[in-house]
Structures are given as C-alpha cells and as structure tokens.
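A short write-up of the structure that comes next.
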Amino acid sequence: MLLSTLSAMQEKAQHLEYNLSAETRIKLDLFSALGDARRQLEIAQDKVMRQDREIKEMKQKIAEVMAVSPAVSYMAPRPPVPQYLTKLLNSERYMLNPRALMYQCLKK
1 MLLSTLSAMQ EKAQHLEYNL SAETRIKLDL FSALGDARRQ LEIAQDKVMR
51 QDREIKEMKQ KIAEVMAVSP AVSYMAPRPP VPQYLTKLLN SERYMLNPRA
101 LMYQCLKK
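Under our numbering, the residue at position 80 of the sequence shown is numbered 80, and the numbers go up by one with no gaps.
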C-alpha cells in the first residue's frame, strides 16, 4: 500500500513538473512576443517622429518660400466661349453699342 501511494505521488509530481515546464515555456514565448511587439512599437514611433520632423521642416520651407515670393493671386479659369459665339463676335457684320442701355447687335 505504501509503495503504491509513493508511486502515485511520484507520477503526480512528474505530471506537475511537466505541466510547470510547459507553463514556463508558454510564459517565455509570451515574454518573447511581448519584447518583439515593444521593439516594433519603438520602431514605428521613431518613424512617426521622423515623419513629424520632416513635415515640420517642409512647412517651414513652404512658409519661407511664401514669405519671399511675390504675392500670387488666384484667377479662376474662364469658361470657354462656344464656337458659334466666337464666329458671331468675330464677324464684321455685328458690333456692340457701348452707349446702349441694353446691348444689342447692330448691323454696320
């Protein structure tokens, strides 16, 4: 009876030791993965910081160029004149009367 109890206890101890070592391996794997994730996070943060610095430098350069360059006013593009109006306006038969209250086409 004592030998069977001792044998059962040894089996339980062996089983616990195996489970403990498996748990330890899992923990080591998790800590390794955590370290990898931290390194990747640091790399990503460094990249973001570099890009922020680059953006700041570009904004500063743009501000310097805008301060030095002459003022440029934006002019909206004119819509193209339809071809039939171009022909009419270029014809010599009609001219606009600048003194009229309403513009009318007058024959020459």
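All residues carry an ideal CB built from backbone N, CA and C; glycine is no exception.
Alpha carbon to alpha carbon, what distance is there between residue j and residue i?
| i | j | result |
| --- | --- | --- |
| threonine 49 | arginine 38 | Note on identity: in this sequence residue 49 is methionine, with threonine being the wrong assignment. Answer to the nearest angstrom: the Cα atoms are 16 Å apart. |
| methionine 136 | histidine 15 | Shown here, the chain extends from 1 to 108; a query on residue 136 therefore has no answer. |
| lysine 61 | aspartate 46 | 23 Å |
| glutamate 23 | glutamate 17 | 10 Å |
| alanine 67 | isoleucine 43 | 36 Å |
| serine 21 | leucine 6 | 22 Å |
| arginine 78 | glutamate 54 | 38 Å |
| serine 69 | glutamine 83 | 38 Å |
| alanine 8 | leucine 34 | 38 Å |
| leucine 41 | methionine 58 | 25 Å |
Quick one: give me the first and last residue of the alpha helix (DSSP H) that residue i is part of.
| i | result |
| --- | --- |
| serine 4 | 2 to 68 |
For residue i, would you say it is in contact with chain D, using Cβ-to-Cβ distances shorter than 8 Å as the test?
| i | result |
| --- | --- |
| leucine 28 | Annotation note: the requested chain D is absent from the structure, which comprises a single protein chain. |
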